[in-house]
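In the working numbering, the protein residues as written are 686 to 1077.
Below: one structure, written as C-alpha cells.
Now the structure itself:
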C-alpha cells in the first residue's frame, strides 16, 4: 500500500499553525493560534479549536503525539492554554482538553522572565508546563542547553536526589536529529537547525532568534522529500544556519521541496537591513538557501493576503510585497511549482487549510474545488519515472 504523509497549514492570519500527519497515524502540531473571531462563521480566519478537535475526533484521538511551540510570541501560542491539557496544574486538565504526549520547546521558553503583572500570560503558563515536564523527566524535548538553564536545573535535580545530567537525554542540540522519530520506522526525521546556544545565552533572549527551525525529511516508499519549517527568523539567523550547516557538510539539510517561509513573508527574513523598492535583495547566504529549492517545490506564507497594489508597497507590517516578489523570482529560477498564501486559498473570503500529500511521486498540493465541496483536485508535479496524469 502506498505511503502517504500529510502536511496541513491552517489559515490563522499573520500567525502559524501547521500539522504533520504521518502514514502511521502519528500527529505533530507545530504552533497554535486560535482567535475568538474565528468562531464567527462570517470571519475568514479559521475556528482552529473546533477544526482540530473534529480532526482528532474523526481519528478517534484526544491527543497529539507532539506539540511544538517554535517560540512564545502570541501569534504562535494564542489560546493554547485553554485548548491543551497541561500537567502542572489540575485547573488546566479535563473538560475535553487535548493531551500532549510530547512537548517541544526552545530553551528560551523555560528561561524567559516576567513580572507579577504578567503571571497569567500564556507564555508564562507554558513556561511552567515546560519546566514541570523537564523536572518530571518525561513528555518533553528542549532544544538547546545554555548554561543559564543548567544553572536553574541542576540544583532542582539535586533536591530530588538526582544527578545534574539526569535530564540530558531530553535536550536536543542544533545539528542533530530529534530521537522521537525515525526515518525508517515513522517515515520522517527532524533535523534541528536552530536554536543555537548563543540564542539563549546571556539573559537577553530574542524570541525570533531563539525559535525552532527544522529540516523535516520524509521517506515515502524510499523516496526522500524535504520540508523546511522556519519560525520567525530574520536574515541574520538564516545566514548563520546556512553557514554552519555548510561548514559541517550537511548541505542536503538546506534543500527543500516545501518551504514554510519565515515570519509571514517579512522582508527581514531575506535582508533585515533593506526592504527594497520593488523586491528585497536577499543576503548572499539567504540567496543560496532559496536556490536550494528543488524542481516542483512549493512555498507557503502563513499570512494575511498579499496584494500587488500601491498600498502594499508602503506597508510596514508583513506580509511584504517586496519579499513576495523575491520569493516568486527564485521559485521560478529553480522551476518550482507554486507560492501559496494561507489566507488566500481558495479565496480571501473563506480560506481553507492548505493540504499537501507526500507520496512516492512527490509532494502534492490538494486543492479544494469550491467551498463546501468534497471533491478535490490533486496537483502532482511530473517526475522522472512518474506517469501520474492527475489534473493541476
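The beta-carbon is built from N, C-alpha and C at its ideal position, and this holds for glycine as well.
(1) Less than 7 Å between the beta carbons of residue 1024 and residue 975, yes or no?
(2) For residue 972, name the three-state secondary structure that DSSP assigns.
(3) Would you report the Cα separation of residue 665 and residue 1042, rounded to the nearest angstrom?
(4) Would you decide whether residue 745 is buried or exposed? Buried here means 16 or more other CB atoms lie within 10 Å of its CB.
(5) Look up residue 1019 in the DSSP assignment and say whether it is helix, strand or coil.
(6) Does DSSP classify residue 1001 as helix, strand or coil?
(7) Hey, how far is the Cα of residue 832 from the Cα of residue 728?
(8) Evaluate residue 1001 with the Cβ neighbour count: other Cβ atoms within 10 Å of its Cβ, from every protein chain shown; 16 or more gives buried, anything less gives exposed.
(9) Have a look at residue 978 and residue 775 and give me their C-alpha separation to the nearest angstrom.
(10) Quick check on residue 758: buried or exposed, where buried means 16 or more other Cβ atoms within 10 Å of its Cβ?
(11) If residue 981 and residue 1021 are in contact, beta carbons under 8 Å, what's the gap, nearest whole angstrom?
(12) Looking at the structure shown, is residue 701 part of a helix, part of a strand, or coil, going by DSSP?
(13) For the stretch 929-953, which segments carrying the alpha helix (DSSP H) assignment without a break, of at least 4 residues, lie completely within its bounds, in sequence order?
(14) Using C-beta distances below 8 Å, list every residue in its chain close to residue 703, excluding the 5 sequence neighbours before and after it, in chain order.
(15) Is the beta carbon of residue 1039 less than 7 Å from the beta carbon of residue 1030?
(16) DSSP three-state call for residue 707: helix, strand or coil?
(17) Kindly indicate which residue of 750, 897, 865, 846 has the alpha-carbon position closest to the one of residue 792.
(18) Thinking C-beta only, is residue 1006 closer than 7 Å to residue 998?
(19) Curious, which full-length beta strand (DSSP E) runs of at least 3 residues does the stretch 776-848 contain?
(20) Exposed or buried, residue 899, counting other C-beta atoms within 10 Å across all chains shown (16 or more means buried)?
(21) Is the separation between the beta-carbon of residue 859 and that of residue 877 shorter than 7 Å?
(22) Consult DSSP for residue 1055 and reduce its assignment to one of helix, strand or coil.
(23) Starting from residue 852 and walking both ways along the alpha helix (DSSP H), at which residues does that stretch end?
(24) Please state if the CB of residue 911 and the CB of residue 940 are separated by a distance shorter than 7 Å.
(25) Name the residue from 1019, 917, 956 whose alpha carbon lies nearest to the alpha carbon of residue 700.
(26) Can you tell me where the beta strand (DSSP E) holding residue 765 begins and where it ends?
(27) Shortest alpha-carbon distance to residue 849 belongs to which of 867, 733, 819?
(28) Should residue 723 go down as buried or exposed, given a rule of 16 or more other Cβ atoms within 10 Å for buried?
(29) Let's test the definition: count the other Cβ atoms within 10 Å of the Cβ of residue 869 and tell me whether it reaches 16, buried, or not, exposed.
(30) What's the call for residue 928, buried or exposed, on a 16-neighbour Cβ count within 10 Å?
(31) I'd like to check one pair, residue 828 with residue 873: are the Cβ atoms closer than 7 Å?
Quick look at the numbers:
(1) Residue mapping note: residue 1024 aligns to position 339 of the chain shown, counting from 1. Residue mapping note: residue 975 aligns to position 290 of the chain shown, counting from 1. Their beta carbons are not under 7 Å apart, which means residue 1024 does not touch residue 975 by this criterion.
(2) Residue mapping note: residue 972 aligns to position 287 of the chain shown, counting from 1. Here residue 972 sits in helix by DSSP.
(3) As shown, the chain starts at 686 and ends at 1077. That puts residue 665 outside it, with no answer to give.
(4) The residue you call residue 745 lines up with position 60 of the chain shown. Under a 10 Å Cβ-count criterion, residue 745 is classified as exposed, with fewer than 16 other Cβ atoms of the shown protein chains found around its own Cβ.
(5) Here the question's residue 1019 lines up with position 334 in the chain shown. Three-state result, residue 1019: coil.
(6) Within the chain shown, numbered from 1, the residue matching residue 1001 stands at position 316. Reduced to three states, the DSSP call for residue 1001 is coil.
(7) Indexing the chain shown from 1 puts residue 832 at position 147. Indexing the chain shown from 1 puts residue 728 at position 43. Going by C-alpha positions, residue 832 is about 45 Å away from residue 728.
(8) By 1-based counting over the chain shown, the position of residue 1001 is 316. Flag for residue 1001 reads exposed.
(9) By 1-based counting over the chain shown, the position of residue 978 is 293. By 1-based counting over the chain shown, the position of residue 775 is 90. Each residue's alpha carbon lies about 46 Å from the other.
(10) Mapped onto the chain shown, residue 758 falls at position 73. Note on residue 758: 16 or more other CB atoms within 10 angstroms of its CB, so buried under the neighbour-count rule.
(11) For the purposes of this step, residue 981 is taken as residue 296 along the chain shown, with counting starting at 1. For the purposes of this step, residue 1021 is taken as residue 336 along the chain shown, with counting starting at 1. So it is a contact: roughly 7 Å between Cβ atoms.
(12) As a working note, residue 701 is residue 16 in the chain shown. Looking at residue 701 - three-state DSSP - the assignment turns out to be coil, as it is neither helix nor strand.
(13) Runs of the alpha helix (DSSP H) lying entirely within the stretch 929-953 and spanning at least 4 residues: none are present.
(14) Along the chain shown, read from residue 1 onward, the residue named residue 703 stands at position 18. So the list reads 692, 693, 694, 695, 714, 715, 716, 914, 945, 987, once near-sequence residues are dropped.
(15) Residue 1039 sits at position 354 when you count from the first residue of the chain shown. Residue 1030 sits at position 345 when you count from the first residue of the chain shown. A Cβ-Cβ contact shorter than 7 Å links residue 1039 with residue 1030.
(16) For this step, residue 707 is matched to residue 22 along the chain shown. In the structure shown, residue 707 sits in coil (DSSP, three-state: anything other than H, G, I, E or B).
(17) Here residue 792 is taken as the residue at index 107 of the chain shown, counted from 1. Of the listed residues, the one whose Cα sits closest to residue 792 is 897.
(18) If you number the chain shown from 1, residue 998 lands on position 313. If you number the chain shown from 1, residue 1006 lands on position 321. Yes, the pair counts as a contact, with Cβ atoms nearer than the cut-off.
(19) Counting only unbroken stretches of 3 or more residues, the beta strand (DSSP E) elements lying wholly within the stretch 776-848 are 784-791, 825-828, in sequence order.
(20) For the purposes of this step, residue 899 is identified with residue 214 of the chain shown, where counting begins at 1. Under this definition residue 899 is a buried residue.
(21) Your numbering for residue 859 matches position 174 in the chain shown. Your numbering for residue 877 matches position 192 in the chain shown. By the CB criterion at 7 Å, residue 859 and residue 877 fall inside the cutoff.
(22) Counting from 1 along the chain shown, the entry for residue 1055 is found at position 370. The predicted position of residue 1055 is uncertain, since its pLDDT is 46 and thus under 50; no value can be drawn from it.
(23) Locating residue 852 in the chain shown gives position 167, where the first residue counts as 1. No alpha helix (DSSP H) holds residue 852; DSSP gives it neither H nor E.
(24) Translated into the one-based positions of the chain shown, residue 940 becomes position 255. Translated into the one-based positions of the chain shown, residue 911 becomes position 226. Against a cut-off of 7 Å, the Cβ pair of residue 911 and residue 940 comes out as a contact.
(25) Against the chain shown, residue 700 aligns to sequence position 15. Closest by alpha carbon: 917.
(26) Numbered from 1 along the chain shown, position 80 holds the residue referred to as residue 765. Element bounds for residue 765: not the beta strand (DSSP E) but the alpha helix (DSSP H), 765-768.
(27) Reading the chain shown from its first residue, position 164 is the one you call residue 849. The closest CA to that of residue 849, considering only 867, 733, 819, is found on 819.
(28) Against the chain shown, residue 723 aligns to sequence position 38. Its Cβ being crowded by 16 or more others within 10 Å, residue 723 is buried.
(29) Translated into positions along the chain shown, residue 869 becomes position 184. The C-beta of residue 869 has fewer than 16 other C-beta atoms within 10 Å across all chains shown, which makes the residue exposed.
(30) Position 243 of the chain shown, counted from the first residue, corresponds to residue 928. With fewer than 16 Cβ atoms within 10 Å of its Cβ, residue 928 is classed as exposed.
(31) Against the chain shown, residue 873 aligns to sequence position 188. Against the chain shown, residue 828 aligns to sequence position 143. With respect to the 7 Å criterion, residue 873 and residue 828 are not classified as neighbours on the basis of their beta carbons.
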